[in-house]
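Protein chains in written order, with my numbering: chain A, 1 to 310; chain B, 311 to 663.
Where is the CB? At the ideal position from N, CA and C, for every residue including glycine.
Only a predicted model underlies this, so the values are computations on that prediction, with no experimental measurement involved.
The next block holds one structure in the form of structure tokens; read it before the comments.
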């Protein structure tokens with residue numbers, strides 16, 4: 001008996017050891033290194049293990065760094081807004097209006113996620129370039145005489161690509177939430193004299209907000225941290241998203257401590273944002289969040305009934 | 311004039327005819343139940359009255375005005391949904407006040423009417439709770455208050471008690487019946503539970519395959535079923551294969567096996583046609599003496615005590631099962647014992663398929 005118990009404990013530990021080791025070794029440890037590096041000093045191009053705050057002082061003292069962070073956040077915010085404007089109506093159509101070929105359409109939205117990110121970003125190069133599809137088309141129909149060079153290598157190109165890439169991420173949680181709204185709720189609203197539009201405003205939209213928050217968080221965090229689209233499509237003008245800055249600090253500039261400090265600031269921003277989003281979602285989703293956590297609502301309801309009929 | 315009128319209403323879903331040319335008049339203040347098994351078309355009928363489904367043909371009139379094409383939000387009626395359909399992002403008070411808000415009733419009036427509606431269903435103390443913190447029975451009452459606060463002409467109820475336990479269901483049945491009488495609101499109630507229908511209804515429309523097979527007072531459906539299906543669906547009944555020998559008015563003579571019997575009927579029969587004699591277990595008793603009409607010999611098989619009644623399961627010589635209620639206090643028969651059972655001619659109804 002005792003040995004069987006010991007074996008079971010051991011096997012349970014062995015079971016947990018792999019994922020714990022994985023997360024610890026490949027996620028927490030690197031973050032710890034990153035965090036530590038942000039307090040190290042660089043003297044004569046050599047990393048020394050003296051603790052200092054001067055990386056952070058330089059970060060906040062040089063307009064370039066906060067400026068880039070704000071610039072990136074601005075791009076990310078616009079990408080988020082555009083993704084939402086595209087994703088919400090599409091999710092709504094998919095959830096409520098499309099009956100035939102619903103899965104096919106949903107797959108059409110989702111399948112691009114399986115295509116390599118690089119391929120999708122490059123595709124925009126082909127579309128927007130001087131010799132690109134769009135310029136060719138515009139010239140072909142006679143709208144322009146010479147190819148436009150402003151299409152590619154601008155922050156607009158970066159934003160178009162980012163919106164394209166992250167719209168499915170925005171759509172998925174919104175679609176999932178809309179799908180979960182019981183049709184009888186919409187019927188109840190109409191039964192209580194609300195037109196279709198007022199039903200949307202008073203019932204569907206409020207109930208879908210947790211999905212909107214989740215989708216927007218995806219779009220914002222992912223596009224804020226993106227550095228490939230700016231490299232490929234941003235040109236000189238705007239290859240300076242904050243992640244590009246980190247890449248060049250670690251790479252070309254070989255200033256790991258400063259790169260680490262910028263990363264830590266970004267990480268803290270992201271964690272803050274996710275925490276806020278999580279709380280907003282919980283508040284909006286109310287019941288949903290509670291139901292996930294072992295249904296305390298039901299137990300309480302049960303007690304309530306007991307009291308009523310006691 | 312009837313308040314609500316369905317004229318030859320039909321609804322198809324693809325090839326499936328859910329509701330097949332139903333015509334129905336509902337009087338103001340009436341408690342009408344649409345009773346039937348699942349797939350009989352009762353819910354679809356209710357949903358067409360509510361406006362959630364639109365008939366393929368036929369018209370629905372309210373107060374003589376055609377409402378067939380009106381969307382739900384333009385109809386002066388409210389629905390209590392099967393799973394209550396309370397808005398999860400609103401508390402009880404907001405749920406109940408939703409209809410009034412959509413009708414742009416003033417704030418203070420909403421407050422007052424919501425408070426009164428909640429008191430009516432004894433939930434005044436839970437006004438600020440979200441629906442998920444309520445028990446099933448409480449949610450059910452909120453759904454009821456949310457509909458009644460609008461003072462609709464007609465209240466539609468779609469199996470509203472289905473999710474409640476038996477004791478609570480019986481309480482709510484009485485409460486609904488009282489509300490119907492008190493408020494004078496017309497109730498159209500959908501259920502598959504025949505006992506519930508018998509308890510509450512002024513009239514029952516029993517539906518089968520999208521049609522109404524019998525419409526009438528509960529007593530009539532119980533005592534004078536129009537067909538074998540009705541007899542079988544409503545209450546417990548014995549169905550004995552019989553052959554009609556002669557008819558005089560509503561009185562029939564028939565044979566069960568080779569025994570002659572008498573029964574009543576609501577339709578005309580050609581002598582020689584097969585039918586079913588429907589007789590309720592509580593109307594069967596052991597015959598005294600040796601002569602008299604309607605005597606069948608059965609063999610006792612099993613006795614079951616259920617609290618209210620003692621059921622004795624027996625069989626005819628050909629194996630047809632016959633169940634009867636045994637008088638309280640009398641000693642039930644031993645299995646294998648032969649009995650002669652009899653019934654009043656008025657209690658035997660001959661029905662066709």
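**N-terminal and C-terminal residue of the alpha helix (DSSP H) that residue 164 of chain A is part of** = 155 to 180
**Asked** DSSP state of residue 647 of chain B, grouped into three classes?
**Response** coil
**Beta-carbon separation (whole angstroms), residue 48 of chain A vs residue 41 of chain A, contact threshold 8 Å** = 5 Å
**Asked** If the cut is a Cβ gap below 7 Å, which residues of chain B does residue 203 of chain A touch?
**Response** 397
**Asked** Which parts of the segment 352 to 439 of chain B are runs of the alpha helix (DSSP H), unbroken and 4 residues or longer, counting only runs that do not cross its ends?
**Response** 352 to 360, 402 to 412 and 417 to 430
**Request:** Scan the segment 529 to 596 of chain B and note each continuous alpha helix (DSSP H) run of 4 residues or more that stays entirely inside, going in chain order.
**Result:** 538 to 543
**Request:** Would you please verify whether the beta carbon of residue 388 of chain B is less than 7 Å from any beta carbon of chain A?
**Result:** yes
**Asked** Looking at the C-beta of residue 463 of chain B, does it have a partner C-beta in chain A at a distance below 7 Å?
**Response** no
**Request:** With distances taken Cα to Cα, identify the nearest neighbour of residue 613 of chain B among B/605, B/635, B/630 and B/594.
**Result:** B/635
**Message:** Given this structure, state the Cα-to-Cα distance separating residue 79 of chain A from residue 70 of chain A, to the nearest angstrom.
**Reply:** 14 Å
**Request:** Give the C-beta separation of residue 516 of chain B and residue 543 of chain B to the nearest angstrom, bearing in mind that I take them to be a contact with Cβ-Cβ under 8 Å.
**Result:** 6 Å
**Asked** Buried or exposed: which applies to residue 350 of chain B, given that a residue is buried once 16 or more other Cβ atoms fall within 10 Å of its Cβ?
**Response** buried
**Request:** Name, going along the chain, the residues of the segment 178 to 208 of chain A whose beta-carbon falls closer than 7 Å to a beta-carbon of chain B.
**Result:** 182, 184, 185, 187, 188, 190, 191, 192, 193, 194, 195, 198, 203, 206 and 207
**Request:** Would you list, in chain order, the members of the segment 402 to 418 of chain B that have their beta-carbon closer than 8 Å to a beta-carbon of chain A?
**Result:** 408, 409, 412 and 413
**Residue-chain proximity (residue 99 of chain A, chain B), Cβ-Cβ < 7 Å** = no
**Asked** Pairing CB atoms from the segment 125 to 140 of chain A with CB atoms from the segment 168 to 185 of chain A, are three or more of them under 8 Å?
**Response** no
**Prompt:** Which term fits residue 518 of chain B, buried or exposed, when burial requires 16 or more other beta carbons within 10 angstroms of its beta carbon?
**Reply:** buried
**Request:** Consult DSSP for residue 124 of chain A and reduce its assignment to one of helix, strand or coil.
**Result:** helix
**Message:** I'd like to know if residue 287 of chain A contacts chain B, where contact means its C-beta is closer than 7 Å to some C-beta of that chain.
**Reply:** Low confidence applies here, because residue 287 of chain A scores a pLDDT of 46, under 50, leaving its location unreliable; read the following figure in that light. By this cut-off, residue 287 of chain A is an interface position.
**Prompt:** Buried or exposed: where does residue 587 of chain B fall if 16 or more other Cβ atoms within 10 Å of its Cβ makes it buried?
**Reply:** buried
**Request:** Starting from the C-beta of residue 501 of chain B, find all residues in its chain whose C-beta is less than 7 Å away, skip the five residues before and the five after it, and write them out in chain order.
**Result:** 343, 345, 469 and 507
**Request:** Mind listing, in chain order, the continuous beta strand (DSSP E) runs of no fewer than 3 residues lying wholly within the segment 441 to 505 of chain B?
**Result:** 464 to 468 and 496 to 501
**Asked** What does residue 677 of chain B reach in chain A if we use C-beta pairs closer than 9 Å?
**Response** The structure shown does not extend to residue 677 of chain B, since chain B is modelled only from 311 through 663, so no value can be given for it.
**Asked** So, is residue 150 of chain A buried or exposed, given that buried needs 16 or more other C-beta atoms within 10 angstroms?
**Response** exposed
**Message:** Quick check on the burial criterion: 16 or more other C-beta atoms within 10 angstroms. Buried or exposed for residue 627 of chain B?
**Reply:** exposed
**Prompt:** Of the residues A/18, A/242, A/272 and A/264, which one's Cα is nearest the Cα of residue 63 of chain A?
**Reply:** A/242
**Request:** Output yes if chain A places a C-beta closer than 7 Å to the C-beta of residue 391 of chain B; else output no.
**Result:** yes
**Message:** Does chain A have any CB closer than 7 Å to the CB of residue 543 of chain B?
**Reply:** no
**Request:** Can you grab the Cα-Cα spacing for the pair residue 553 of chain B / residue 660 of chain B, in whole Å?
**Result:** 9 Å
**Item:** Partners in chain A for residue 362 of chain B, counting only beta-carbon separations shorter than 7 Å
**Value:** 187
**Message:** Give me the residue from B/574, B/568 and B/585 with the minimum Cα distance to residue 607 of chain B.
**Reply:** B/568
**Asked** So is residue 663 of chain B in contact with chain A if we call contact Cβ pairs under 7 Å?
**Response** no
**Asked** Are the segment 404 to 412 of chain B and the segment 209 to 216 of chain A touching, with three or more C-beta to C-beta distances below 8 Å?
**Response** no
**Request:** From the DSSP output, in three-state form, read off residue 509 of chain B for me.
**Result:** helix
**Request:** Grab the span of the alpha helix (DSSP H) containing residue 333 of chain B for me, first residue to last.
**Result:** Element bounds for residue 333 of chain B: not the alpha helix (DSSP H) but the beta strand (DSSP E), 326 to 336.
**Message:** Could you compute how far the alpha carbon of residue 50 of chain A sits from the alpha carbon of residue 158 of chain A?
**Reply:** 39 Å
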